[in-house]
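J.: I'd like to ask you about the structure that follows.
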Amino acid sequence: MKKAILILAAGLAVALPAAAQIQPTIVPAPVVAQLPAVTDAAQRAAIKRIVPKKIILVGDSTTQVGSGWGGSFCANHLTSFVSCVNLARGGRGTFDYRAEGSWDIALSEMKAPGYAQVYVLIQFGHNDQPGKPGRSTDLATEYPANLKRYVTEARAAGAIPVLVTPLTRRAFKNGSLQDDLQPWAEAVKSVAKEMDVPLVDLHALSVAAVQQMGPVEAITLAETMPPQEVIEAAKTGTTIGAPKTTPAAPAASTEVLEKPQGHPTVVFDYTHLGPKGADYVSKMVTVELARVVPDLRRDLVEDLYPPHQ
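So the number in the working numbering is just where the residue sits in the sequence shown, counting from 1, plus 34.
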């Protein structure tokens, strides 16, 4: 026996057979003809092979991912036709970068097949300065000799070297930027001129920019904001160092957590860059690189996300 349902209409109960229940409207999808395996032979035959390029970054912490401009450069300022490999490492100078084997890795990247052209951007200086045992190099002799050797070996590997002068520090005294890297920048420029190497004079560009923005605004380029007393000192035109703090020990727990092994140390200083600083300096590098290496101009993106008009 078929079941019936009750429908209340105008206060009256009306029994309807199950077959009269309201059914949803089903609209069949349009039938699409099966596409052939090859859709347009002529267009497929006309596809041109890409001209891939590679940029390798070599240097210290002011170039490496996380504390320098290199991460933002690779992520935001290159087209998809350019591979970018950041091999910069914090704390390295022209001597120990080679001694530890990092330069051998860079050379291997330069020799990797498949690229129409490979460029290697080389920026050292901060850790070549005196007072850093095992890393410091002599400004008049070893530092320029090391740079020349990098240039020679990069060329032998088939790459185009580009020298980059060291990024300025951002300490001020009486409203004036304290530029302690100028001699190292001059040494880089001399090597570039002698060996006919493209030069990105990041030192001169960053000195001019930081001096113009002043000590308070320059603080915002750092990895993290300092204590308020450091900001107040900057307002007087003379910066002070942030107090050293020891990270607190993690609380004891019986819970086992899966975490990444790398734990970058983020501190305030007048050398390294946070996200804002990395974006600011990487754009500076991009614009100048397009000028000194015209072959890269079409591969460089000045603003990945230009401001809305």
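Beta carbons: idealized from backbone N, C-alpha and C, even for Gly.
Owing to the predicted nature of the structure, the values given are computational and were not obtained by experimental measurement.
Rank Phe107, Gln57 and Ile81 by C-alpha distance to the C-alpha of Pro309 and give the top, closest one.
T.: For the residues Phe107, Gln57 and Ile81, the minimum Cα distance to Pro309 belongs to Phe107.
J.: Val319 and Trp103 look like a contact to me (Cβ under 8 Å); what is the Cβ gap, rounded to whole Å?
T.: So it is a contact: roughly 6 Å between Cβ atoms.
J.: Whole angstroms is fine: what's the gap from Ser91's alpha carbon to Gly275's?
T.: The displayed chain sequence assigns Leu, not Ser, to residue 91. The straight-line gap from Cα to Cα measures roughly 29 Å.
J.: Determine the extent of the alpha helix (DSSP H) in which Pro217 is found, giving its start and end residues.
T.: Gln216 to Met229 is the extent of the alpha helix (DSSP H) around Pro217.
J.: What are the start and end residues of the alpha helix (DSSP H) that includes Tyr339?
T.: Here Tyr339 belongs to no alpha helix (DSSP H), and DSSP marks it neither H nor E.
J.: In terms of residue numbering, what span does the beta strand (DSSP E) encompassing Pro195 cover?
T.: Run containing Pro195: Ile194 to Val198, per the beta strand (DSSP E) assignment.
J.: Which value, in whole angstroms, describes the spacing of the CA atoms of Pro210 and Gly165?
T.: One detail in the question is off: residue 210 reads as Ser in this sequence, not Pro. Spanning the two alpha carbons is a distance of roughly 24 Å.
J.: Between Ala63 and Thr97, which are expected to be in contact by the criterion C-beta below 8 Å, what is the C-beta distance as a whole number of angstroms?
T.: Actually they are not in contact, since the Cβ atoms of Ala63 and Thr97 sit about 55 Å apart, beyond 8 Å.
J.: Any contact between the region 187-197 and the region 140-150? By contact I mean 3 or more CB pairs, one from each, below 8 Å.
T.: The answer is yes - the region 140-150 touches the region 187-197, with three or more Cβ pairs under 8 Å.
J.: Would you identify the three-state DSSP class for Ile81, choosing helix, strand or coil?
T.: Three-state DSSP puts Ile81 in coil, outside helix and strand.
J.: Helix, strand or coil for Leu323? Go by DSSP, reduced to three states.
T.: Note: Leu323 maps to helix in three-state DSSP.
J.: Do Thr199 and Val185 have their beta-carbon atoms positioned less than 8 Å apart in this structure?
T.: No, the Cβ-Cβ distance between Val185 and Thr199 is not below 8 Å.
J.: Under three-state DSSP, which class holds Asn180?
T.: In this structure, Asn180 counts as helix in the three-state DSSP scheme.
J.: Give the DSSP bridge partners of Leu239, in chain order.
T.: Leu239 is not bridged to any residue.
J.: Among Gln212, Asp130, Tyr153 and Ala174, whose alpha-carbon lies nearest the alpha-carbon of Gly168?
T.: Ranking Gln212, Asp130, Tyr153 and Ala174 by Cα distance to Gly168 puts Asp130 first.
J.: Would Thr202 pass as a contact of Leu215 if the rule is Cβ separation under 8 Å?
T.: Their beta carbons are under 8 Å apart, which means Thr202 touches Leu215 by this criterion.
J.: Can you grab the Cα-Cα spacing for the pair Ser316 / Thr254, in whole Å?
T.: So the alpha carbons of these two residues sit roughly 15 Å apart.
J.: Helix, strand or coil: which one does DSSP assign to Tyr344?
T.: Residue 344 cannot be examined here, being either before or after the span of the chain that is shown, 35 to 343.
J.: So which of Thr175, Ser101, Asp74 and Val244 has the shortest CA-CA distance to Asp213?
T.: Looking at the Cα atoms, Val244 is the closest of the given residues.
J.: Ordered along the chain, which non-local residues of its own chain (more than five positions away) have a Cβ less than 8 Å from that of Ile265?
T.: Val250, Ile253 and Met259.
J.: Could you give the DSSP three-state label for Leu255: helix, strand or coil?
T.: Three-state result, Leu255: coil.
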